[in-house]
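Student: Chains as they are written, first to last, in the working numbering: chain A, 45 to 425; chain B, 45 to 425.
For glycine and all other residues, C-beta sits at the position ideal for the given N, C-alpha and C.
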């Protein structure tokens, strides 16, 4: 590719994820808002766990104002659907126990590069619908205040003891940075031709990813522990692995197919091989054991509940599934790919990717392993 | 103008200000961010009042977390400069009294249509600078958390008793809607050829504007009273009038010149006369007495301080001043003008406007009357 800059091997360790990573903004055909139906489906499956956890925290202490944070809200409307359910459930709990409904303050968090403008445009409509729905059935609706909290959740976001309940869906598999340790002693990339852990990766690759996950998840827990009031809870929904094997196909297949798509573009001289060698996604799919270990090591939380499950997103039409999945991966990867490879390759790359996905899905189903964990900050004694 | 829709006289009372009004987004040549130097100059002149008020509130009670709201932050960097000064002053006060600096939570508010994305892009840099500056001089910097609170300040924005200090610069002269009462009994516009109160306006026009201001300002006070902790304060900086005369030239001249610019475009058949007749700005410049009256009537606040002053923005070059002022008015009016008249007229309109402003400024200086008020929510006894 004539227009390519010479490869810089340091690039893979210096990419500023916080300022580059964001879901595709806006409401267009390739936007995250239009391509987050898979995330919605998995959130639907575990919505009751989030809603029940929030309601339990409220019932255990009935504060005047109940404060919630959605960490990694992105720019679609998935976040609003969950907030509505939580508000309705708390309102109902208060009504049953003949207590006044608390005021509810909701912080929607994501990185500062997230398209918050498109989130905000839905605020007035959301508030009207929420209030209208509850008022019609059961008298006065609760006062819900919506705020945005831009910043990385790998660090503090809000004041001490300011939150009652936190949830994070489809976000914590994103690391704060591309793991250190993906270069050898001479600064040369060791995960050549691959962009995530694969079964041909050097053993140092899964180790580097695990170390980064441990560092990030520990910082996440420490930060949330400071922000949560005692008795508060966190619910985390995350892409994960079912086994101890880091190259477990179910967790890596979507990245492997992206490797293959990039390899095809290298063979067609549309992408530099060195560019692929220095690209690694800041993503990690942990096992439940790895989460349990880190919660234990960090020490602030007790695990109420942790479970792996499989989300089958199949519609029965593998070609349609390939299109939907390809568009979803594009919406979450486009910002990083264009940052690393330039603007020009995205359409072609995801055309190839969609084709490879189709071939794969004709032969076998795609089962995404998801982990859900409910963590509790114990009451101080 | 062939492409014009037939005039709809009801348009002037049905424009949804909340979803239309916003400062020109982005960072381009005509953006608010690039054309808010006049607002910055006036904020500089009264910055010490805001900073001292905030610090006084902090000193009177030294909370663990001090919560501030900037109502009408818009999309430039003016807001950040004030937040920095407040944080530094509170930090210094804590240091002097040998108390730990509180955590500080800052809510930046504006309408949901404001360009918050461009505000958020400055968050990381602001935090780095703030912490760096304080750490270099005086040890550990305070923890500052920044959140956005999209919504109209003519209504509740945050939970009860959740704020310590509120300020609003260059925003409260915007009404929640175009005043009712600008049409006669037959639905015909009564402020023909004018877009604000002028000395040729029907007497019902200033009355309609005053009524709308009273309704809005009262709702503003009531909402803030619920949100402020007792002993908290509000500082308001607003364009106003020095005299009781509603058509006081100093408060109306910039709108009169826009009337004249539109009249020129009507004469050149570039704008429909009826369109001008049905356009009125949702703006009101009150006198100090009108503010005092409304604070008294609403009853939640005591006035600590209220003062009118004149901001002389002259650079000594009337043509340069005309360009700066014209661009500033364009940045704050473009969203409403394009909504009402269509996209096409803005460049030409402000070219004419800039010319008329030049002629005016060659003959006399522009003196903007500004009002500043500091209101206190009394301690509950």
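Under 7 Å between C-beta atoms, does residue 445 of chain A make it to chain B?
Tutor: One cannot answer for residue 445 of chain A here, as it falls past the ends of chain A, which runs 45 to 425.
Student: Count the other CB atoms within 10 Å of the CB of residue 244 of chain A; is the residue buried (16 or more) or exposed (fewer)?
Tutor: Counted from its first residue, the first chain places residue 244 of chain A at position 200. Its Cβ having fewer than 16 others within 10 Å, residue 244 of chain A is exposed.
Student: List, in chain order, every chain A residue whose beta-carbon is nearer than 8 Å to that of residue 213 of chain B.
Tutor: Residue 213 of chain B sits at position 169 when you count from the first residue of the second chain. Under the 8 Å cutoff, chain A gives no residues; its nearest Cβ is about 20 Å from residue 213 of chain B.
Student: Between residue 415 of chain A and residue 284 of chain A, what straight-line distance do the alpha-carbon atoms span, to the nearest angstrom?
Tutor: Here the question's residue 415 of chain A lines up with position 371 in the first chain. Here the question's residue 284 of chain A lines up with position 240 in the first chain. Distance between the alpha carbons of residue 415 of chain A and residue 284 of chain A is about 6 Å.
Student: Could you compute how far the alpha carbon of residue 326 of chain B sits from the alpha carbon of residue 111 of chain B?
Tutor: Residue 326 of chain B sits at position 282 when you count from the first residue of the second chain. Residue 111 of chain B sits at position 67 when you count from the first residue of the second chain. Cα-Cα distance, rounded: 30 Å.
Student: Which residue or residues does DSSP assign as beta-bridge partners of residue 191 of chain B?
Tutor: As a first step, residue 191 of chain B must be located in the second chain, where it is residue number 147. Residue 191 of chain B is bridged to B:151.
Student: Alpha carbon to alpha carbon, how far is residue 227 of chain B from residue 219 of chain B?
Tutor: As a working mapping, residue 227 of chain B is identified with position 183 in the second chain. As a working mapping, residue 219 of chain B is identified with position 175 in the second chain. Their Cα atoms are separated by approximately 18 Å.
Student: Tell me whether the beta-carbon of residue 403 of chain A lies closer than 7 Å to the beta-carbon of residue 203 of chain B.
Tutor: Counting from one through the first chain, the residue named residue 403 of chain A turns up at place 359. Counting from one through the second chain, the residue named residue 203 of chain B turns up at place 159. Not closer than 7 Å, so no.
Student: Could you check where the alpha helix (DSSP H) with residue 362 of chain B kicks off and where it finishes?
Tutor: Looking up residue 362 of chain B in the second chain gives position 318. That run of the alpha helix (DSSP H) goes 362-385.
Student: Taking only beta carbons into account, state which residues of the stretch 192-221 of chain B come closer than 8 Å to chain A, listed in chain order.
Tutor: Within the stretch 192-221 of chain B, the residues whose Cβ lies closer than 8 Å to some Cβ of chain A are 192, 193, 194, 195, 200, 201, 202, 203, 204 and 206, listed in chain order.
Student: In the structure shown, what three-state DSSP assignment does residue 142 of chain A receive?
Tutor: On the first chain, position 98 is the one that residue 142 of chain A refers to. Here residue 142 of chain A sits in coil by DSSP.
Student: Using 7 Å as the limit for Cβ to Cβ distance, is residue 102 of chain B near chain A?
Tutor: Within the second chain, residue 102 of chain B is the residue found at index 58, counting from 1. No, its Cβ sits nowhere closer than 7 Å to a Cβ of chain A.
Student: Kindly indicate which three-state DSSP category residue 197 of chain B falls into: helix, strand or coil?
Tutor: If you number the second chain from 1, residue 197 of chain B lands on position 153. In this structure, residue 197 of chain B counts as coil in the three-state DSSP scheme.
Student: Pair every Cβ in the stretch 123-138 of chain A with every Cβ in the stretch 191-201 of chain A, then say whether three or more of these pairs are closer than 8 Å.
Tutor: Too few Cβ pairs lie closer than 8 Å, so no.
Student: What does DSSP give as the partner residues of residue 339 of chain A in its beta bridges?
Tutor: Locating residue 339 of chain A in the first chain gives position 295, counting from the first residue. Per DSSP, none; premise fails for residue 339 of chain A.
Student: Compute the Euclidean distance between the alpha carbons of residue 306 of chain B and residue 221 of chain A, then round it to the nearest angstrom.
Tutor: Position 262 of the second chain, counted from the start, is the residue given in the question as residue 306 of chain B. Position 177 of the first chain, counted from the start, is the residue given in the question as residue 221 of chain A. Whole-angstrom Cα-Cα distance: 54 Å.
Student: Taking DSSP as the reference, what is the three-state secondary structure of residue 313 of chain A?
Tutor: Taking the first chain and counting its residues from 1, one reaches residue 313 of chain A at position 269. Three-state DSSP puts residue 313 of chain A in coil, outside helix and strand.
Student: Assuming residue 14 of chain B contacts residue 255 of chain B under a Cβ cut-off of 8 Å, what Cβ separation, rounded to an integer in Å, is found between them?
Tutor: Residue 14 of chain B lies beyond the range of chain B shown here (45 to 425); nothing can be said about it.
Student: Evaluate residue 50 of chain B with the Cβ neighbour count: other Cβ atoms within 10 Å of its Cβ, from every protein chain shown; 16 or more gives buried, anything less gives exposed.
Tutor: Position 6 of the second chain, counting from 1, holds the residue named residue 50 of chain B. Any answer about residue 50 of chain B is weak, because its pLDDT of 33 lies below 50 and its placement is not dependable; what the coordinates show is given next. Exposed, because fewer than 16 other Cβ atoms sit within 10 Å of the Cβ of residue 50 of chain B.
Student: Where do the N-terminal and C-terminal ends of the alpha helix (DSSP H) with residue 254 of chain B fall, by residue?
Tutor: In the second chain, residue 254 of chain B corresponds to position 210, counting from 1. Run containing residue 254 of chain B: 248-271, per the alpha helix (DSSP H) assignment.
Student: Using the Cβ count rule (16 or more neighbours within 10 Å means buried), how would you classify residue 356 of chain B?
Tutor: As a working mapping, residue 356 of chain B is identified with position 312 in the second chain. Residue 356 of chain B is exposed by the Cβ-count criterion.
Student: Can you confirm whether residue 109 of chain A, when its beta carbon is compared against all beta carbons of chain B, has any partner nearer than 7 Å?
Tutor: Against the first chain, residue 109 of chain A aligns to sequence position 65. By this cut-off, residue 109 of chain A is an interface position.
Student: Helix, strand or coil: which one does DSSP assign to residue 241 of chain A?
Tutor: Taking the first chain and counting its residues from 1, the one referred to as residue 241 of chain A is at position 197. Here residue 241 of chain A sits in coil by DSSP.
Student: Can you tell me whether residue 52 of chain A is buried or exposed, with buried defined as 16 or more other CB within 10 angstroms of its CB?
Tutor: The residue labelled residue 52 of chain A in the question sits at position 8 within the first chain. Here the model assigns residue 52 of chain A a pLDDT of 38, short of 50, so the residue's position is not dependable and the matter cannot be decided.
Student: First and last residue of the alpha helix (DSSP H) that includes residue 395 of chain B?
Tutor: The count along the second chain starts at 1 and reaches residue 395 of chain B at position 351. Unbroken alpha helix (DSSP H) run through residue 395 of chain B: 390-407.
Student: On the three-state DSSP scale, how would you describe residue 111 of chain A?
Tutor: Numbered from 1 along the first chain, position 67 holds the residue referred to as residue 111 of chain A. In the structure shown, residue 111 of chain A sits in a strand (DSSP, three-state: E or B).
Student: At a Cβ cut of 8 Å, what residues of the stretch 376-401 of chain A count as close to chain B, listed as they run along the chain?
Tutor: Within the stretch 376-401 of chain A, no residue has a Cβ that lies closer than 8 Å to any Cβ of chain B.
Student: Measuring straight from C-alpha to C-alpha, what distance separates residue 394 of chain B and residue 371 of chain B?
Tutor: Against the second chain, residue 394 of chain B aligns to sequence position 350. Against the second chain, residue 371 of chain B aligns to sequence position 327. When rounded, the distance between both Cα atoms is 8 Å.
Student: Sorted by chain position, which residues of the same chain lie with C-beta nearer than 6 Å to residue 384 of chain A's C-beta, five sequence neighbours on each side aside?
Tutor: Here residue 384 of chain A corresponds to residue number 340 of the first chain, with the count starting at 1. The answer, listed in chain order, is 323.
Student: Just to confirm, are residue 170 of chain A and residue 98 of chain A a CB contact at a threshold of 7 Å?
Tutor: If you number the first chain from 1, residue 170 of chain A lands on position 126. If you number the first chain from 1, residue 98 of chain A lands on position 54. Cβ atoms of residue 170 of chain A and residue 98 of chain A: not closer than 7 Å.
Student: Name the chain B residues that come within less than 7 Å of residue 147 of chain A, Cβ to Cβ?
Tutor: As a working note, residue 147 of chain A is residue 103 in the first chain. Under the 7 Å cutoff, chain B gives 203 and 204.
Student: Using the three-state DSSP reduction, which class does residue 280 of chain A fall into: helix, strand or coil?
Tutor: Within the first chain, the letter at position 236 stands for residue 280 of chain A. Strand at residue 280 of chain A.
Student: At a Cβ cut of 9 Å, what residues of the stretch 249-279 of chain B count as close to chain A, listed as they run along the chain?
Tutor: So the list is empty, because no residue satisfies the distance condition.
Student: Below 8 Å, can you find three or more Cβ-Cβ pairs linking the stretch 377-391 of chain A to the stretch 337-344 of chain A?
Tutor: Too few Cβ pairs lie closer than 8 Å, so no.
Student: Let me check understanding here. Comparing Cα to Cα, which of B:321, B:157 and B:298 lies closest to residue 231 of chain B?
Tutor: If you number the second chain from 1, residue 231 of chain B lands on position 187. Residue 231 of chain B has its Cα closest to that of B:321, out of B:321, B:157 and B:298.
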